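All remarks here apply to the structure that follows.
Chains as they are written, first to last, in the working numbering: chain Y, 1166 to 1579; chain B, 1166 to 1579.
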């Protein structure tokens, strides 16, 4: 099945917002064999919205829109679509009740403009939005199929997953699908990884392979195009296995699984607890681990020792050690890991100290110098890494590299 | 001047690539008063390209395309445009010579398909590409104006800056510009904010206002369209002042400035230091503050007290207090803030304890219940907030709300 995407919002045309919804929708629909054949972005202007949706329906017969469903006065797409389907807007008591309920839970009072959010074109199917105030709408009739979703990314994503994809799956049963599988690697540069993978493209054909470098490492995405589901899945499984084998220790997971999740799972399996002492990452390591629901049985907590005095007070680092070697040094990283492990009685602990920049570097310790230590039941290993680019990148990579070293330690690889 | 953007490339519709070109082009053109009024993405398909460009020219008379200029067989947009302008493709010796020169420098041999990159529609102006192999093209004639740029981001950017913008400036001499200004608000829902702003749209006309809700709050972007630069700036300044006045305490900054930056600046001005004790946010509060370069003179550090024992060991919270009231409670939030302030000798400190979910909630304390305390030189205030949606959202909003309370406390608003 083919569909066109119409994204609505003046701000999308101004260039101050990068539209990530489009890519996300394309991926989610691709998985169920629905292909986006054209994409149009129009401003919050009734004429432009009507024109774009009408032309798309004439070409393709199916349209997904995002945006224009909020309570503020620049949101007008619902009116335009009601007009196009010749279906007057009607007040929906069920939506209104759930809106009121939501407001009660938030301890807020609805305002007049919220009432318009409970209006739906007659005959439209309401896609309930438990993540925000504007429900999605599914309109089917003479003009074709129009699916309307809010533009707020989290609401769009949730409605797509819970309401749209299941309905599309029902319609598309039996056709060929577009499916992908992703093997995640870290702590290896893209070019080195490509060398290790060698002639993998030939081996996995007709599947295609994409390298997707990011802050967490390089994701390897293999895609099957328009195959019957069983064939696609079998080929993807074989390709993923081949990728993991060639990437070796650097392949840590598949799909959306994060290295933090892998670390927590491996520690949990061995009944080990983790603590952290962070300086340059300022809490980011703990934040990454505690992003994972249920992390509390493994991660005990940690200290953010940004000031030197905090390193001594909270992690028991001797002031003389800092005076002698500097805050960014192997002895201090080690002392931080050991100190926090002892304070919290943790089996494992990390110590991270570095220069995140943009200032504070020297010839000997340039910006991006990070010492990271991993304590493991009485033994501590430390290593210096040199990271690059922005402060945010240096911090994110320091966390990811520490997670990688901790993981290798847990599974016995380091 | 109005223009439409047509981006060409099957990969853009698959969703594995987020198209950042569009936003970049909109910003670059906006500065010289050229407004993108519609954006269309089509696959590498001659019919779709022709159809999209023809419709755009009929509507707007001016089109900028990206993509479809490379040497591979799926790149066909040049042929389509030559056909549309009734201008046969002709081999251009100058382009070919510079291509050969480039290959020599890269120590590579051109392949047969590279010859097609030296072909240009008769009468087109060549926009030389020193950053890649495909030159841009500028076609003007009966159908209107078409500017063709390569899709590779760095080549697109360089051609835009060095070839396109100067030519557009020449055409538009004396005409208006598009400029924006953003007022950032937090801790107020979009609909409540809209009510407070009331008839602001009328007051700021002809400027337009967009509500941009996100995890940090609602950004208010006001835009001046096609005014002379001085007039645009004066009106934007007045509009921003009006927005800030009506949004009241909820308006914390303009542009890209984060609330963490505001908090650090206000604390620094008063020579106050900050510490943090975090439970459900797991280090995210510290991470947000230390995202800001130079935060070390204000932020001393903190403790991540994920396990109950860590709350006692690191923040000095009496175990009896946790046993009596539970870890997510006002007394524990207060004790965390006071405890970390005393350990680190900080003037200000926050204590954050809550249920980030998805599990762990109860009828009395549902998922999203967060107690946050702000300690300020001997005095502590605490409040309970109820947050919603995903774990990531609850954590991010808990941090933002805490920053807001801390900021209000620092500037004397709470």
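Just so you know, even glycine gets a beta-carbon here, dropped at the ideal spot from N, CA and C.
Note that the coordinates shown come from a computational prediction; the quantities given were computed from them, not determined experimentally.
Secondary structure at residue 1576 of chain Y: coil, using DSSP grouped into helix, strand and coil. The C-beta distance from residue 1342 of chain Y to residue 1197 of chain Y rounds to 7 Å, short enough to meet the 8 Å contact threshold. In this structure residue 1510 of chain B is exposed. Its beta-carbon is surrounded by fewer than 16 other beta-carbon atoms within 10 angstroms.
Residue 1318 of chain Y is not bridged by DSSP to any residue. Membership of residue 1256 of chain Y in any alpha helix (DSSP H) is not indicated; the residue belongs instead to the beta strand (DSSP E) covering 1254-1256.
Residues of the region 1409-1422 of chain Y with a C-beta less than 8 Å from any C-beta of chain B: none at all. Boundaries for residue 1435 of chain Y: no alpha helix (DSSP H) harbours it, and the DSSP string shows neither H nor E there. DSSP lists no bridge partner for residue 1293 of chain B. The C-beta distance from residue 1209 of chain Y to residue 1233 of chain Y rounds to 6 Å, short enough to meet the 8 Å contact threshold. Under the Cβ distance rule, residue 1461 of chain Y counts among the residues neighbouring chain B, one pair being separated by less than 8 Å. At a cut-off of 8 Å, the C-beta of residue 1478 of chain Y has a neighbouring C-beta in chain B. With respect to chain Y, the C-beta atom of residue 1551 of chain B has a partner C-beta closer than 8 Å. By the criterion of at least three beta-carbon pairs nearer than 8 Å, the region 1531-1546 of chain B is not in contact with the region 1394-1414 of chain B. About 5 Å separates the beta carbons of residue 1230 of chain B and residue 1313 of chain B, which is inside the 8 Å limit, making them a contact pair. Inclusion of residue 1345 of chain B and residue 1177 of chain Y in the CB contact set at 8 Å is not warranted, their separation being larger than that value. In the DSSP assignment, residue 1248 of chain B falls within the alpha helix (DSSP H) that extends over 1242-1249.
Look at residue 1331 of chain Y here: in three-state DSSP terms it is helix. In this structure residue 1457 of chain B is buried. Its beta-carbon is surrounded by 16 or more other beta-carbon atoms within 10 angstroms. Under the 10 Å beta carbon count, residue 1297 of chain Y is surrounded by 16 or more other beta carbons and is classified as buried. Burial check for residue 1381 of chain B: the Cβ neighbour count within 10 Å reaches 16 or more, so the residue is buried.
Listed along chain Y are 1447, 1469, 1471 and 1472, each with a C-beta nearer than 9 Å to that of residue 1464 of chain B.
For residue 1389 of chain Y, the secondary structure class from DSSP, reduced to helix, strand or coil, is strand. Distance from the Cα of residue 1544 of chain Y is smallest, within the candidate group Y:1410, Y:1556, Y:1512 and Y:1533, for Y:1512. At a cut-off of 8 Å between C-beta atoms, residue 1251 of chain B does not count as an interface residue with respect to chain Y. Classified as buried, residue 1175 of chain Y has 16 or more neighbouring CB atoms from the shown chains inside 10 Å of its CB. The beta carbon of residue 1456 of chain Y falls within 8 Å of a beta carbon belonging to chain B, placing the residue at that interface.
Note that the C-beta distance between residue 1359 of chain B and residue 1387 of chain B is not below 8 Å. Annotation: residue 1299 of chain B to residue 1282 of chain B spans about 6 Å, alpha carbon to alpha carbon. Among the CB atoms of chain Y, one or more fall inside 8 Å of the CB of residue 1555 of chain B.
Interface annotation, residue 1271 of chain Y: in contact with chain B, CB-CB separation under 8 Å. Taking the Cα of residue 1490 of chain Y as reference, the smallest distance to any Cα among Y:1480, Y:1478 and Y:1518 is reached at Y:1518. When the five nearest sequence neighbours on each side are left out, the beta carbons in the same chain lying within less than 6 Å of the beta carbon of residue 1477 of chain Y are those of 1484, in order along the chain.
For the C-beta of residue 1509 of chain B, the chain Y residues within less than 8 Å are, from N- to C-terminus, 1472, 1474, 1475, 1478 and 1479. Taking a 10 Å sphere around the C-beta of residue 1447 of chain Y, we find 16 or more other C-beta atoms and assign the residue as buried.
Residue burial annotation: residue 1356 of chain Y is exposed, with fewer than 16 other C-beta atoms found within 10 angstroms of its C-beta.
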